[in-house]
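What follows is a set of notes on a single structure, which appears directly below.
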Amino acid sequence: MAGTLRSTVRHALNNTFCKIVGTAELAQDITAHAGLRAELEVIIKLAEEGGRLLASVDSDDPVPGGAPCSG
Amino acid sequence: MKRILIIDDDPRMLQLLGEAFSGSGYHVELAADGEVGLALFRAEPPDVVVTDILMPNREGLETIVALRKLQADVKVVAISGGGNIGPSNFLRLATHLGADAVLAKPFRLSEIRELVDGLFEPQSPVVARA
C-alpha cells in the first residue's frame with residue numbers, strides 16, 4: 003500500500019514539475035526581457051532538478067525500519 | 034499542416050502541449066482521456082498522437098494498442114510521470130506495445146517538439162527517454 007501511495011505521489015509530482023517547466027517556457031516565449039528570461043530559466047532548471055531527485059528515490063522499496071519521519 | 038492529437042487527463046498539460054504545438058504550426062486536437070482520443074482519431078486520423086499513460090476511462094497503454102489496430106503506421110509518442118522503477122515502468126511497456134517514442138515527465142516543451150518533429154524526418158530513429 004505504501005509503495006502504491008508513493009508511486010501515486012511520484013506521478014503527481016512529475017506532472018507538477020512538467021507543468022512548471024512548460025509554463026516557464028511559454029512565459030519565456032512571450033517576453034524579450036533578458037533578466038526575466040534568465041529567471042524563468044532558473045525556474046525550469048529547479049523543476050528539472052526536482053524531477054531528477056524524485057527519480058533517484060527508489061520508492062518501490064519499503065522504508066527500512068518503518069516510518070520515514072518518526073524522529 | 035500536420036495534425037497532432039494530444040491525449041492527457043490533466044487540463045493544464047493539455048493546454049501547454051496544445052500551445053506548444055500550435056505555435057509550431059501543427060493543427061492540434063485535444064482529448065482528456067483515451068476514449069475521447071480514439072473518437073477524435075476515428076473522426077479524422079491525425080499524423081501523430083501524443084498520449085499520457087495514466088488516465089481515467091481508457092488509459093494510455095490500451096489506447097496505443099487500439100490506435101495500432103485502427104492505423105498501423107500512425108506515429109505515437111507516449112508520455113508519463115509514472116514510475117521508472119520495477120513493474121511500474123509504463124514507458125517501456127508503451128515501447129513494447131508500439132509507441133515510436135517515449136518521454137518521461139518532467140520534460141521541456143522544446144524537447145517534445147523536437148522529438149515529434151524528428152518522427153517525420155527520413156529514417157528517424159526511435160527516441161526514448163524513459
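Chains as they are written, first to last, in my numbering: chain A, 3 to 73; chain B, 34 to 163. Glycine included, each C-beta is placed from N, C-alpha and C at the ideal position.
Nearest-angstrom beta carbon gap, residue j and residue i [assumed within contact, 8 Å]
i: B/S53; j: B/R146; result: Note that residue 53 of chain B corresponds to Ala in the displayed sequence, not to Ser. The Cβ separation is near 6 Å, so the contact holds.
i: B/K138; j: A/F19; result: 7 Å
i: B/G86; j: B/G131; result: A quick correction: the sequence has Ile, not Gly, at residue 86 of chain B. About 13 Å separates the two Cβ atoms, so there is no contact after all.
i: B/P89; j: B/D42; result: 6 Å
Residue i versus residue j - alpha carbon distance
i: B/P120; j: B/G93; result: Residue placement at B/P120 cannot be trusted, given a pLDDT of 43 that sits under 50; what the coordinates show is reported in the next sentence. Rounded to whole angstroms, B/P120 to B/G93 spans 16 Å at the Cα level.
i: B/L100; j: A/K21; result: 26 Å
i: A/N17; j: B/P155; result: 32 Å
i: B/G23; j: B/F153; result: Given a span of 34 to 163 for chain B in the structure shown, any question on residue 23 of chain B remains unanswerable.
i: A/G52; j: B/D106; result: 36 Å
i: A/T6; j: A/Q30; result: 36 Å
i: A/A40; j: A/E27; result: 11 Å
i: B/R141; j: B/V82; result: 18 Å
i: A/E43; j: B/E77; result: 38 Å
Boundaries of the alpha helix (DSSP H) in which residue i is found, first to last residue
i: B/S143; result: L142 to L152
i: B/A76; result: G67 to A76
i: B/A53; result: P44 to S55
i: B/L167; result: Residue coverage of chain B in this structure runs from 34 to 163, which leaves residue 167 of chain B outside it and unanswerable.
Spatially closest choice to residue i from the options, by CA coordinates
i: B/K108; options: B/Q48, B/S143 and B/P79; result: B/P79
i: B/F123; options: B/T84, B/E154 and B/D106; result: B/T84
i: B/L103; options: B/A111, B/R75, B/M88 and B/N90; result: B/R75
i: B/V149; options: B/G114, B/K138, B/D133 and B/P139; result: B/D133
i: B/V61; options: B/D42, B/G51 and B/M46; result: B/G51
i: A/V23; options: B/S55, B/L49 and B/A72; result: B/L49
i: B/I40; options: B/V110, B/E144 and B/S143; result: B/V110
i: B/L71; options: B/R91, B/G56 and B/S143; result: B/R91
Beta-carbon neighbours of residue i, restricted to chain A and to distances below 9 Å
i: B/L148; result: By Cβ distance, chain A contributes nothing, its closest Cβ being about 14 Å from B/L148, past 9 Å.
i: B/M46; result: N17, C20, K21 and G24
N-terminal and C-terminal residue of the beta strand (DSSP E) that residue i is part of
i: A/S58; result: Premise fails: A/S58 is in no beta strand (DSSP E) and is neither H nor E.
i: B/V109; result: K108 to S113
i: B/R36; result: R36 to I40
Proximal chain A residues relative to residue i, where beta-carbon distance stays under 7 Å
i: B/P139; result: N16, F19, C20, V23, A49, E50 and G53
i: B/G114; result: H13, N16, N17 and C20
Contact list for residue i against chain B, beta-carbon separation under 8 Å
i: A/L28; result: L49, E52, A53 and L142
Neighbour list for residue i in chain A, Cβ cutoff strictly below 8 Å
i: B/D43; result: N17 and K21
i: B/L87; result: H13
Residue i Cβ short of 7 Å to the ligand MG heavy atom set
i: B/N122; result: Only the bare structure without any ligand can be found here, which leaves the ligand MG out of the picture.
Contact list for residue i against chain B, beta-carbon separation under 9 Å
i: A/H35; result: The contacting residues do not exist; A/H35 stays about 19 Å from chain B at best.
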